[in-house]
Amino acid sequence: MAATAMVAITNLGCRHDPLSSLPRATSAPARSCTLPPRRRRCRPLTPRSSCCSPPSSSVSPRRVLRPTAALKRIPAGDTSFVGPANNDATTLNHRSSSSDLRRSLIIPNSTASTGHATASSGVLPSILGVAHLAVSLGIMLAADKFLKKAFVAAGIKFPSALFGMFCVFSVLVVFDIFAPPVAKAFMNFFEPATMFIKRWLPVFYVPTLVVFPLAITEIPAASALKIFAITFGGWFATLTVAGYTVLAVRNLVKTELIPDTEPVSKPSPFSTSEIWSWTAIFVASFGVAYFNPTALGTTAKTCLPFLLAANVLGYMVGSGLPAGVKKVLHPVISCALSADLAAAAYGYLSGSGFDAVLGDYLTKAASNPGAGDILMGFLGSVIISFAFSIFKQRKLVKRHAAEIFTSVAIGATFSLYSTAIIGRLVGLEPSLTISMLPRCITLALALSIVSFFEGVNSSVTAVVVVLTGLLGANFVLAAMEKLRLNDPISRGIATAASAQGLGTAALSAKEPEALPFCAISYSFTGIFGSLICSIPAVRQSLIFIAG
1 MAATAMVAIT NLGCRHDPLS SLPRATSAPA RSCTLPPRRR RCRPLTPRSS
51 CCSPPSSSVS PRRVLRPTAA LKRIPAGDTS FVGPANNDAT TLNHRSSSSD
101 LRRSLIIPNS TASTGHATAS SGVLPSILGV AHLAVSLGIM LAADKFLKKA
151 FVAAGIKFPS ALFGMFCVFS VLVVFDIFAP PVAKAFMNFF EPATMFIKRW
201 LPVFYVPTLV VFPLAITEIP AASALKIFAI TFGGWFATLT VAGYTVLAVR
251 NLVKTELIPD TEPVSKPSPF STSEIWSWTA IFVASFGVAY FNPTALGTTA
301 KTCLPFLLAA NVLGYMVGSG LPAGVKKVLH PVISCALSAD LAAAAYGYLS
351 GSGFDAVLGD YLTKAASNPG AGDILMGFLG SVIISFAFSI FKQRKLVKRH
401 AAEIFTSVAI GATFSLYSTA IIGRLVGLEP SLTISMLPRC ITLALALSIV
451 SFFEGVNSSV TAVVVVLTGL LGANFVLAAM EKLRLNDPIS RGIATAASAQ
501 GLGTAALSAK EPEALPFCAI SYSFTGIFGS LICSIPAVRQ SLIFIAG
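Quick note on full-length UniProt numbering: the sequence shown kicks off at 1 and runs consecutively.
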């Protein structure tokens, strides 16, 4: 919606030139017609003449028989009057006091009401853009909800959104083979939804971080230190294994690296008007919740607007911080902290308490959703959107299939089993070890993976995944220099395979040539990890190793 708003502002800010629609002179003899159809007299254009020039002597005398004193006849051969279209318009505006004559000579009837057309041309695209976004995103959300209900009813223990991603990708491939224009139209239709998801992706991962204070009280300090040690060591080990696997395979297949020419669209930056709008929503909804805690029916629904606005504002402000500050206060962290601070302030002022407000933030009840439930409802559509990004990079995937699939399979398998082994060796509780297994997989799929197991702590999973991404975002460049991973393919695949989306964002900001391989590895690592963890034998082996 913000992207469409920016389009509207851009359109409104563009000055409409009423002469831009007039024909331009070409090398072939042309005829200029500047008068209304019943009064026009056409003459050949000289090489330097302009269709916007004032009427010559060949123009009907009835039209310019008695011009004003300031508007003089210009001989047909005189080209000293030639100039830019808008300059001609300005000159004629000053030379003629007759608005009717000026409109007849310069502005066509279709553009006579330029001011009204400009205003409407700015508003209409914005409305259509919002409608397009709502429909495309609504279809993805509805598809995810339908598949989730169908899988639950059938008792299938497999990520339903991942199945939906495979279906969308298969449809795109079939269309691309038999009807390429249909595949392109399909991609263009869902482009607003995919850009919306890309713009707000980190915010969808935040809810489990916001409620982490409720879960951390159950974790001993010694276990917390072990979790951090496993996370840091596991990240570096996975980076090393994935990177050197790529180099080994490339030495075998010797596929030439060709720069990717597929344009990568980026989300629009946040505007000041967006920040002020969300600030107004936060202040107004916070006041309503303070004076009437059940104004919307329940405390969770009443707190939903200001807690959601706190998340959005925290992410917007964090995204605008200097690069040096982001290394300490990443936008994901500021997004979570802002919601916690808002919850603490409301809990103190209303007397309900901090824990109660966090309970209203993430209720996990469809009939009484909180702000966290709304955000996590987008995770399924995030997985489905992988189909569009993979389809865009299909040529690159095909060309470097050996490097991509080998490194992703080895890296994801190593990450899962090494976490279980190290957790067992350091004496970490089995439930916490299982919760850490998908540490190198994007949170949208990591939460689906841990749902395969019993007795896990999803808040620990979320914290470990985000912590792994932050480690990669801050240290991946220095680590790869030490490991001598200098190839864009190895750097891109290793970064995404070890540090998911946050590491990908950090690397691609400085090395755009590695971005396509980051995006591919980011998607396929989560897909492969979900596939192997859906196999009962693999799950049982991981549980056995973890103790």
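Every residue, glycine too, gets a C-beta built ideally from N, C-alpha and C.
Quantities reported herein were computed from a predicted structural model and do not represent experimental measurements.
Return the CA-CA distance between residue i and residue j, expressed in angstroms with no decimal places.
| i | j | result |
| --- | --- | --- |
| G318 | A248 | 39 Å |
| A446 | G377 | 15 Å |
| A546 | Y417 | 9 Å |
| N368 | S334 | 26 Å |
| V173 | P180 | 9 Å |
| G492 | S268 | 24 Å |
| A537 | L531 | 12 Å |
| W235 | L471 | 8 Å |
| F475 | A224 | 21 Å |
| I216 | S415 | 24 Å |
| T504 | T299 | 38 Å |
| T461 | K364 | 17 Å |
| E403 | D373 | 38 Å |
| A519 | A366 | 32 Å |
| I156 | S350 | 44 Å |
| F232 | P516 | 26 Å |
| A242 | L362 | 36 Å |
| I543 | S126 | 52 Å |
| T245 | S407 | 5 Å |
| I422 | M480 | 23 Å |
| residue 554 | F163 | Because residue 554 is not part of the residues shown, which for the chain are 1 to 547, the question remains open. |
| P322 | V152 | 45 Å |
| D360 | P192 | 31 Å |
| R439 | N457 | 13 Å |
Which residues bound the alpha helix (DSSP H) around residue i?
| i | result |
| --- | --- |
| A295 | Neither: A295 is in no alpha helix (DSSP H) and is coded neither H nor E. |
| residue 622 | Not covered by the structure: residue 622. The range shown for the chain is 1 to 547. |
| L502 | P488 to K510 |
| T245 | A221 to V253 |
| T461 | S458 to L483 |
| V173 | S160 to F178 |
| R439 | Careful: R439 lies outside any alpha helix (DSSP H) and carries neither H nor E. |
| S268 | Looking at the DSSP string, S268 is not in any alpha helix (DSSP H), and its letter there is neither H nor E. |
| G526 | L515 to C533 |
What whole-angstrom Cβ distance do residue i and residue j have, given they're in contact under 8 Å?
| i | j | result |
| --- | --- | --- |
| S381 | L141 | 6 Å |
| G411 | T525 | 7 Å |
| I219 | M436 | Not quite, the Cβ-Cβ distance comes to about 12 Å (not below 8 Å), so this is no contact. |
| L296 | A371 | Not quite, the Cβ-Cβ distance comes to about 12 Å (not below 8 Å), so this is no contact. |
| P305 | S277 | Actually they are not in contact, since the Cβ atoms of P305 and S277 sit about 13 Å apart, beyond 8 Å. |
| M187 | F386 | At roughly 14 Å, the Cβ-Cβ gap does not stay under 8 Å, so M187 and F386 are not in contact. |
| L473 | A499 | Rather than Leu, the amino acid found at residue 473 in this sequence is Ala. That belief holds up - the Cβ atoms of A473 and A499 are roughly 7 Å apart, short of 8 Å. |
| V463 | F212 | 6 Å |
| F405 | R539 | Going by Cβ atoms, the distance from F405 to R539 rounds to 22 Å, so no, they are not a contact pair. |
| A344 | F354 | 5 Å |
Taking the alpha carbon of residue i as the point to measure from, which residue in the options has its own alpha carbon closest?
| i | options | result |
| --- | --- | --- |
| I441 | K326, I527, P293 and G314 | I527 |
| L477 | A496, F286 and N292 | A496 |
| L313 | A409, H330, A499 and S338 | S338 |
| E274 | G287, T294, E429 and Y315 | Y315 |
| F189 | H132, F175, A150 and K148 | H132 |
| S448 | Y205, R484 and K226 | Y205 |
| L379 | K145, V135 and L467 | K145 |
| S534 | F270, P159 and L147 | P159 |
| I383 | F169, V466 and V135 | F169 |
| S459 | T433, L483 and K482 | T433 |
| A310 | I258, F405, P207 and V253 | P207 |
| A401 | I489, E511, R484 and G529 | I489 |
| R394 | S523, A344, T194 and P202 | S523 |
Can you tell me whether DSSP reads residue i as helix, strand or coil?
| i | result |
| --- | --- |
| R40 | Because R40 carries a pLDDT of 43, less than 50, the predicted location of this residue cannot be relied on, and the following value inherits that uncertainty. Correct three-state label for R40: coil. |
| F286 | helix |
| Q393 | coil |
| G411 | helix |
| K364 | coil |
| R199 | helix |
| G377 | coil |
| I216 | helix |
| L92 | Reliability of the predicted coordinates at L92 is poor, the pLDDT of 39 falling under 50, and the value obtained from them is presented with this limitation in mind. DSSP places L92 in helix when its eight states are reduced to three. |
| S352 | coil |
| L329 | coil |
| H132 | helix |
| L257 | coil |
| V450 | helix |
| G314 | helix |
| G423 | helix |
| T26 | Any answer about T26 is weak, because its pLDDT of 40 lies below 50 and its placement is not dependable; what the coordinates show is given next. If DSSP states are grouped into helix, strand and coil, T26 belongs with coil. |
| Y205 | coil |
| V211 | coil |
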